[in-house]
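Asks: Residue numbers (the working numbering): 1 to 192.
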C-alpha cells in the first residue's frame, strides 16, 4: 500500500478520534463521562488516585498518589498540573519514602561517650537531654552580647545546616529556633 503523508495524517486523525469515541462510550457505560474519568482512566484501575502538592520546596509541584487499601503504593507527577506538567525532581520522586510504613522508626540512639571506644544504645529522652545540655554549654561559652558598643546578642560557636528533606514549615521552625539561640551561621539546603 502506497501511503502518502497527507493520507497518513488523515488516518492518524481518524484513529485518534475513534479512540476518544471508544473511551467516551466505555466511560458512559461505566457510570458517565466527566472530568474525573478522562485523563487518568480511573475505570480501568483497581487503585484509587489522590492529587496533592509535593511538600519539599516552594515550587509546589503536583503529585498523584495511588492509594490501595488505605496505603500509598505509588507517587508520580501530575500531568495536569500547570507547574510541573507530570515531571518530578529526585526528591519528589522519592516522596513515597515519607509514607512507607514498612520502615521501622528508630527507637534507640547510638551514643559514644567522650574518650570511649564503643557505641552504646540510649533512649531518645536521654539523647535529647545530652544534646540540649551541650547546645546550652556551647552557647553560653561563645555568646557575644555587644560588639564595639552595639548590642548583637549572637553566638559564634554554633552553626546550623538545614536538611533538604524537610518541609517548608519545618524549615521555618528550625530557623526561628536558631535565631532565638543567636545563631548567625545559618543555612538551609532547599536546593538540590
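Using N, Cα and C, we set each Cβ at its ideal position, and we do this for glycine too.
List the residues that DSSP assigns as beta-bridge partners of residue 185.
Replies: Numbered from its first residue, the chain shown carries residue 185 at position 185. Looking at the DSSP assignment, residue 185 forms a beta bridge with 159.
Asks: Tell me where the alpha helix (DSSP H) around residue 140 begins and ends.
Replies: Position 140 of the chain shown, counting from 1, holds the residue named residue 140. Counting along the chain, the alpha helix (DSSP H) containing residue 140 begins and ends at 124 to 142.
Asks: Roughly how many angstroms lie between the CA atoms of residue 15 and residue 2, to the nearest whole one?
Replies: Start at 1 with the first residue of the chain shown, and residue 15 comes out as number 15. Start at 1 with the first residue of the chain shown, and residue 2 comes out as number 2. The straight-line gap from Cα to Cα measures roughly 18 Å.
Asks: Here's the rule: buried if 16 or more other CB atoms are within 10 angstroms of the residue's CB, otherwise exposed. What is residue 131?
Replies: Stepping through the chain shown from its first residue, residue 131 is reached at position 131. Answer is exposed; the Cβ neighbour count stays below 16.
Asks: Give me, in chain order, the residues of the same chain whose beta-carbon lies closer than 6 Å to that of residue 76; leave out the 5 immediate sequence neighbours on both sides.
Replies: On the chain shown, position 76 is the one that residue 76 refers to. Cβ neighbours of residue 76 beyond the five flanking positions: 64.
Asks: Using the Cα positions of residue 60 and residue 89, report the straight-line distance between them to the nearest angstrom.
Replies: Indexing the chain shown from 1 puts residue 60 at position 60. Indexing the chain shown from 1 puts residue 89 at position 89. Going by the C-alpha atoms only, they are around 12 Å apart.
Asks: Ends of the beta strand (DSSP E) at residue 48?
Replies: Position 48 of the chain shown, counting from 1, holds the residue named residue 48. 48 to 53 is the span of the beta strand (DSSP E), which, as asked, contains residue 48.
Asks: Quick check: what's the CA-CA separation for residue 166 versus residue 50?
Replies: Along the chain shown, read from residue 1 onward, the residue named residue 166 stands at position 166. Along the chain shown, read from residue 1 onward, the residue named residue 50 stands at position 50. Taking the straight line joining both Cα atoms gives about 22 Å.
Asks: Just to confirm my understanding: we take residue 159, look at its own chain, exclude 5 residues before and 5 after, and list those with CB closer than 6 Å. What are they?
Replies: For this step, residue 159 is matched to residue 159 along the chain shown. Around residue 159: 185.
Asks: Let me know the secondary structure DSSP gives residue 98 once reduced to three states.
Replies: Taking the chain shown and counting its residues from 1, one reaches residue 98 at position 98. Of the three classes helix, strand and coil, the one that applies to residue 98 here is helix, per DSSP.
Asks: Can you name, in chain order, every residue of its own chain whose Cβ lies under 8 Å from the Cβ of residue 183, other than the five neighbours on each side?
Replies: On the chain shown, position 183 is the one that residue 183 refers to. Taken in chain order, the residues that qualify are 154, 155, 158, 159 and 160.
Asks: Between the stretch 107 to 118 and the stretch 89 to 98, can you find at least three pairs of beta-carbon atoms closer than 8 Å?
Replies: Because the criterion of three Cβ pairs below 8 Å is not met, the stretch 89 to 98 and the stretch 107 to 118 do not touch.
Asks: What's the call for residue 70, buried or exposed, on a 16-neighbour Cβ count within 10 Å?
Replies: What you label residue 70 is simply residue 70 of the chain shown in a count that begins at 1. Counting Cβ neighbours within 10 Å, residue 70 comes out exposed, since fewer than 16 surround it.
Asks: So is residue 180 buried or exposed if we call it buried at 16+ other beta carbons inside 10 Å?
Replies: Stepping through the chain shown from its first residue, residue 180 is reached at position 180. The residue is exposed, with fewer than 16 neighbouring Cβ atoms inside 10 Å.
Asks: Would residue 90 pass as an interface residue toward chain D - the criterion being a Cβ-Cβ separation below 7 Å?
Replies: Although the question refers to chain D, the structure presented lacks it and comprises just one protein chain.
Asks: Short of 7 Å in beta carbon distance, which residues of its chain neighbour residue 162, apart from the five on each side in sequence? Order them along the chain.
Replies: Against the chain shown, residue 162 aligns to sequence position 162. Contacts found: 171, 174, 187, 188 and 189.
Asks: Quick one: using the 10 Å Cβ neighbour count with 16 as the cut-off for buried, is residue 225 buried or exposed?
Replies: The displayed coordinates of the chain run from 1 to 192. Any statement about residue 225 would go beyond what the structure contains.
Asks: Got a sec? Which residues, its chain only, sit under 8 Å from residue 151 by beta carbon, not counting five neighbours each side?
Replies: On the chain shown, position 151 is the one that residue 151 refers to. Result list for residue 151: 145, in chain order.
Asks: If you drop the 5 nearest sequence neighbours on each side, which residues of the same chain put their C-beta closer than 7 Å to that of residue 143?
Replies: Looking up residue 143 in the chain shown gives position 143. Hits under 7 Å: 155 and 182.
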